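Everything in the sequence shown is counted per my numbering, starting at 2 for the first residue and increasing by one.
From the three backbone atoms N, C-alpha and C, an ideal C-beta is built for every residue, glycine too.
Note that this is a predicted model, so its numbers are computed, not measured.
These notes concern the structure reproduced below.
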Amino acid sequence: MLKPRLSLLLALFIGAATSALAQVRATSPDGRNQVSVEVREGKLYYSVQRDGRPLFTPSLLGFEFRGAPPLRDGLRITDSTRQTVDETWTQPWGEVARVRDHHNELKLSVVETAAPSRQFSVTFRVFDDGVGFRYEFPAQANLGDFVITDELTEFALVDDARAWWIPSNRPRLDRSEMLYSSSPVSRLDSVQTPLTLETTDGRTFIVIHEANLVDYARLFLNGPREQNRTLRAALAPWADGSKVRGRTPFVTPWRTIQLADRVTDLAPSLLGLKLNPPSVIQNTSWIKPMKYVGIWWGMHINTMTWSSGPKHGATTANTKRYIDFAAANGLGGVLVEGWNVGWDGDWIQNRNAFSFTRPYPDYDIAELARYARDKGVKIIVHNETSGGLENYERQMDSAFALYQSLGLDAIKSGYVTDFVGQGDSHYGQYMVRHHRHVIEKAAQYGIMLDVHEPIHDTGERRTYPNMMSREGARGQEYNAWSGEGGNPPEHETILFFTRLLTGPMDFTPGVFDILIERGTGRPRRPDEPRIRTTLAKQLALYIAIYSPVQMAADLPENYENQPAFQFIRDVAVDWDTTRVLQGKIGDYVVVARRERGGPSWFIGAITDEQARTFDVPLSFLTPGRRYVAEIYADGPGANWLTNPLPVAISRRPVTSLTRLRLVLARGGGQAIRIRPAR
Ligand code: NOJ
Ligand code: CA
């Protein structure tokens with residue numbers, strides 16, 4: 002590991018006549034990205050340039066407080082320090098094994114020239130792939146306990162760039178499970194981050210997000226109020242409308258601006274990891290990526306229930322069947338939902354009825370833990386909270402201790418609700434604190450986490466590698482029951498360049514019963530929801546959508562006599578290298594990944610409703626080595642709408658000199674495993 006190189010402290014331009022303070026600048030190590038900070042008429046602004054081209058014009062920095070004047074006016078920069086960091090580390094698991102953090106940092110101390118003369122600092126880190134900045138309030142006489150009512154941070158875009166967005170202000174405000182739209186930034190109202198933007202000349206891709214959200218409210222963006230292109234930070238509220246409660250010393254999350262010349266350079270996105278502290282878990286050997294099946298899809302297609310009764314899914318016998326299936330197919334885990342008391346009646350309303358220790362009488366938790374352990378399979382314990390945080394927090398120690406005593410070290414949690422606490426936002430500081438508390442507790446009990454209805458990923462996995470995956474977007478489940486009939490064919494090609502840039506997603510790919518007819522035992526009406534992909538695309542999603550816990554989502558019986566299931570058995574879930582070969586937001590993605598600790602590569606290609614052909618040079622393979630490509634392509638006549646099932650499986654020898662031609666059907670995909678020839 003390289004030691005951080007600390008450069009000289011640099012006191013800049015601090016003079017008595019500070020009204021004439023020049024701009025302070027910091028540049029990325031490659032010299033291409035530049036941040037300038039300046040005070041104009043007492044207000045503090047930052048701007049961002051790339052290759053000398055302005056991307057963000059002067060954008061305001063500051064805060065509003067309850068019971069105190071805004072921290073915005075009469076500001077003066079009193080000091081600045083700089084340092085350069087260059088260090089590389091290995092992630093315990095991930096899209097890539099090695100991450101290099103190389104940046105130049107500029108930290109500015111700022112004071113109010115008039116009373117109450119509060120002080121704060123803003124730290125900028127400028128990387129080759131973007132910029133991060135955060136505020137810090139030191140302990141001081143006139144700023145102790147505080148309530149932030151508004152963060153004034155602006156993102157004043159120069160260009161009317163095209164944005165891909167989901168709203169943050171719908172009646173059901175507190176969800177991220179929506180379809181994306183795209184429009185020029187000047188038309189945006191209120192949107193969630195990450196917000197991906199493409200400049201009108203196509204020369205620059207920009208992603209606005211945040212990193213290291215620990216004790217603050219989640220960031221949204223409000224659109225331009227007038228006819229301009231300025232986005233403003235908007236924070237998820239407490240029930241009383243306030244945003245953040247704190248006490249100095251205090252530090253905010255990082256606001257991040259990822260920059261890339263080509264859309265394919267956006268992923269893998271590592272900026273967020275670089276802006277989180279290193280792992281606090283010393284021994285990570287128990288944290289293991291895995292594939293899993295689950296007592297799950299049956300509930301979503303209505304052939305099983307979470308609740309007790311004749312269709313109860315989580316019975317001892319049924320769980321053993323799933324464990325046997327996982328063991329026979331080399332899948333590491335079995336998710337069991339509906340095992341615990343609390344599901345009967347309206348489980349969203351009855352949020353406080355859930356017990357996290359008491360199984361239903363037909364679920365023998367100890368016997369199943371033993372049975373699974375003997376077969377080398379992990380049971381993933383489901384904890385649906387329905388947003389009943391207090392109910393969950395009260396039981397957490399006893400529940401986690403029970404799981405630990407039974408050797409159960411993986412939890413899938415859930416927060417199906419629109420608000421929490423006393424009417425606090427599902428994404429507010431109360432919820433942020435809760436999630437951090439759960440992550441820490443889970444780490445303490447040696448438990449891995451997969452969180453549904455989470456707060457967006459801000460790079461927690463660097464500090465807590467037991468925080469493995471999360472949902473936080475429309476996943477496969479919408480194909481079982483959503484009003485629109487399922488996710489449209491373009492959905493995952495947008496997710497790849499938006500939500501997935503923040504981190505892993507438990508999308509749950511791999512449904513083979515595309516029309517949901519075999520599972521339900523009846524023909525599907527055309528107006529009913531279904532999977533709007535081909536079967537081959539379901540396979541390609543294992544590569545296109547990164548997650549260290551990757552589900553084979555369908556009913557085990559739907560994998561029987563399916564040669565294509567071999568791909569799910571073979572596909573890796575942990576990667577050394579990731580390369581996006583081709584892509585266009587909302588149209589297609591072709592991505593190649595090399596498995597961690599092995600020589601095999603996997604390629605996933607997905608398209609929207611259009612058929613496409615890709616020419617893929619395999620120049621990333623080791624020169625001189627002979628490989629075999631195992632190809633799962635859309636079969637003859639396949640298309641998502643009328644003929645989704647045909648898959649053509651073939652094999653061919655390949656080397657680094659081979660060019661593969663990938664032919665994808667409408668709504669189709671292709672999955673390829675490239676392994677060394679034997
Ligand atoms: C929503 C989750 O996304 C889904 O996976 C789960 O089955 C249900 N909630 C019930 O907890
Ligand atoms: Ca969900």
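For residue i, the first and last residue of its enclosing alpha helix (DSSP H)
| i | result |
| --- | --- |
| T503 | Neither: T503 is in no alpha helix (DSSP H) and is coded neither H nor E. |
| D375 | I366 to D375 |
| I544 | L536 to A545 |
| H435 | Q430 to Q445 |
| M397 | L390 to S406 |
| K108 | No alpha helix (DSSP H) contains K108, which is instead part of the beta strand (DSSP E) from R99 to E113. |
| M300 | W298 to H301 |
| R322 | T317 to A329 |
| K275 | L272 to K275 |
| F568 | F566 to D571 |
| A481 | Y479 to W482 |
| L496 | H492 to L496 |
heavy atom of ligand 2 below 7 Å from residue i C-beta
| i | result |
| --- | --- |
| E178 | yes |
Span separating the alpha-carbon of residue i from that of residue j
| i | j | result |
| --- | --- | --- |
| G422 | F566 | 44 Å |
| G487 | F66 | 43 Å |
| S274 | T503 | Sequence check: residue 274 is Leu here, not Ser. The straight-line gap from Cα to Cα measures roughly 9 Å. |
| Y136 | A234 | 13 Å |
| I675 | Q396 | 47 Å |
| L11 | T79 | The pLDDT assigned to L11 is 31, lower than 50, so where the model puts this residue is not dependable, and the model offers no usable value. |
| Y293 | M449 | 14 Å |
| R667 | K312 | 37 Å |
| I412 | V574 | 18 Å |
| A402 | A443 | 10 Å |
| E391 | R119 | 36 Å |
| R708 | P225 | No statement about residue 708 is possible, as the shown extent of the chain runs from 2 to 679 and does not include it. |
| S191 | L267 | 23 Å |
| G95 | R597 | 9 Å |
| A21 | S37 | With a pLDDT of 37 at A21, under the threshold of 50, the modelled position of that residue is not reliable, and the figure given next carries that caveat. Cα to Cα, the separation comes out at about 15 Å. |
| T578 | S620 | 14 Å |
| P250 | D151 | 19 Å |
| N351 | F420 | 14 Å |
| D87 | I167 | 35 Å |
| S426 | L665 | 42 Å |
| K528 | T418 | Looking at the sequence itself, residue 528 is Asp, so the reference to Lys does not match. The alpha-carbon atoms of D528 and T418 are separated by roughly 27 Å. |
| R660 | I632 | 14 Å |
| E178 | G473 | 6 Å |
| H492 | G669 | 12 Å |
| L646 | I517 | 12 Å |
| G203 | W165 | 14 Å |
| D398 | I324 | 27 Å |
| E42 | L76 | 8 Å |
| E39 | F615 | 48 Å |
| W340 | M506 | 24 Å |
Rounded distance between the beta-carbons of residue j and residue i, thought under 8 Å
| i | j | result |
| --- | --- | --- |
| Q254 | L196 | Here residue 254 turns out to be Pro, not Gln, going by the sequence shown. Wrong, their Cβ atoms sit about 15 Å apart, outside the cutoff. |
| A261 | D130 | 7 Å |
| P30 | N143 | The Cβ separation is near 38 Å, so there is no contact. |
| N34 | R51 | 5 Å |
| Y217 | F134 | About 14 Å separates the two Cβ atoms, so there is no contact after all. |
| A157 | S60 | 4 Å |
| A162 | V132 | Actually they are not in contact, since the Cβ atoms of A162 and V132 sit about 16 Å apart, beyond 8 Å. |
| G511 | W287 | 26 Å between Cβ atoms; not a contact. |
| V123 | L62 | 6 Å |
| Y416 | T386 | 6 Å |
First through last residue of the beta strand (DSSP E) which encompasses residue i
| i | result |
| --- | --- |
| E199 | L196 to E199 |
| T231 | T231 to L236 |
| H383 | K379 to E385 |
| T85 | L76 to T91 |
| T257 | W255 to A261 |
heavy atom of ligand 3 below 7 Å from residue i C-beta
| i | result |
| --- | --- |
| Y364 | Absence of ligand 3 from the depicted structure is noted, with ligand 1 and ligand 2 being the only ligands included. |
Handout entry: Around ligand 1, Cβ to any heavy atom closer than 6 Å, ordered along the chain
Key = Residues flagged by the Cβ proximity filter: W297, E338, E385, G415, V417, H453, E472 and E478.
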